[in-house]
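**Q** Residue numbers (our numbering): 53 to 195. Right, I'll just put the structure down here and ask away after.
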Amino acid sequence: MIQERSAGAIVYRRDVFGTREYLLLNHGRHWDFPKGHTIPGETDRAAAERELCEETCIRAATFHEGFCREIRYVFRSRGVVVNKAVVFFVALTDVDAITLSHEHVGFAWMTYDIAMKAVTYPTSRDVLKRAEEFLARTSPQAG
């Protein structure tokens, strides 16, 4: 069994009405958040920031202190079982222009309810739910 570690970001912005919109990336078969493998010696947070930039070209994002959630899952890749851990952070941006990496075929900014329906994996939906609850407690402005 191979052990892998990745880090990512639940990125959101505020629309003109103050409603949170979450950034989802389309990988062709599924919708998920910006994330990718950590590099040896790199912190999870640094990996999340780097992956966000690499996958979307977003360099201007404010990462919130106090939110860090890890998910775990197992999958098979080329006949090898992979035990994966992914750590997610929450980040606010005001960037509209996204430049996708070659890994993705699309992106969308979605309200919480729409994002919950679009996100493919239950573990990612759980992280989104926890991020929304965290933001509701710490950023009690409009939706």
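Glycine is no exception: its CB is placed at the ideal position from the N, C-alpha and C atoms.
1) Tell me whether glutamate 185 sits in a helix, a strand or coil according to DSSP, three-state version.
2) Whole angstroms is fine: what's the gap from threonine 90's alpha carbon to valine 171's?
3) Can you list, in chain order, the residues of its chain with a C-beta nearer than 6 Å to that of phenylalanine 85? Leave out the 5 residues immediately preceding and following it.
4) Given 8 Å as the limit, is there contact between the stretch 177-187 and the stretch 86-105, that is, 3 or more CB pairs closer than that?
5) Tell me which same chain residues have a C-beta within less than 7 Å of the C-beta of alanine 194, skipping the five on either side of it?
6) Quick one: using the 10 Å Cβ neighbour count with 16 as the cut-off for buried, is tyrosine 173 buried or exposed?
7) Given a cut-off of 8 Å on the beta-carbon distance, is the pair alanine 167 and tyrosine 74 in contact?
8) Sort Thr190, Glu155, Arg189, Leu180 by Cα distance to glutamate 103 and report the nearest one.
9) With DSSP as the reference, identify every bridge partner of aspartate 84, one or two as the case may be.
10) Grouping DSSP H, G and I as helix and E and B as strand, with all else coil, what is threonine 71?
11) Three-state secondary structure (DSSP) at leucine 144?
12) With a threshold of 6 Å on Cβ separation, who are the neighbours of histidine 116 within its own chain once the five nearest residues in sequence on each side are excluded?
**A** To lay it out plainly:
1) Within the sequence shown, residue 185 is the residue found at index 133, counting from 1. Glutamate 185 falls in the helix class under three-state DSSP.
2) Position 38 of the sequence shown, counted from the start, is the residue given in the question as residue 90. Position 119 of the sequence shown, counted from the start, is the residue given in the question as residue 171. Rounded to whole angstroms, threonine 90 to valine 171 spans 22 Å at the Cα level.
3) The residue you call residue 85 lines up with position 33 of the sequence shown. So the qualifying residues of the chain are Gly60, Ile62.
4) no
5) Reading the sequence shown from its first residue, position 142 is the one you call residue 194. Any reading at alanine 194 needs caution, since the residue's pLDDT is 48, under 50, leaving its predicted position unreliable; the model's value is listed next. Within the same chain, alanine 194 has close Cβ partners Phe69, Gly70, Thr71.
6) Translated into positions along the sequence shown, residue 173 becomes position 121. Exposed.
7) Position 115 of the sequence shown, counted from the first residue, corresponds to residue 167. Position 22 of the sequence shown, counted from the first residue, corresponds to residue 74. Yes, the pair counts as a contact, with Cβ atoms nearer than the cut-off.
8) Here residue 103 is taken as the residue at index 51 of the sequence shown, counted from 1. Of the listed residues, the one whose Cα sits closest to glutamate 103 is Glu155.
9) Here the question's residue 84 lines up with position 32 in the sequence shown. DSSP, once it has assigned bridges, lists Leu77 as partnering aspartate 84.
10) As a working note, residue 71 is residue 19 in the sequence shown. Correct three-state label for threonine 71: coil.
11) Translated into the one-based positions of the sequence shown, residue 144 becomes position 92. Residue state, collapsed to three classes: strand.
12) The count along the sequence shown starts at 1 and reaches residue 116 at position 64. Correct list, in chain order: Val142.
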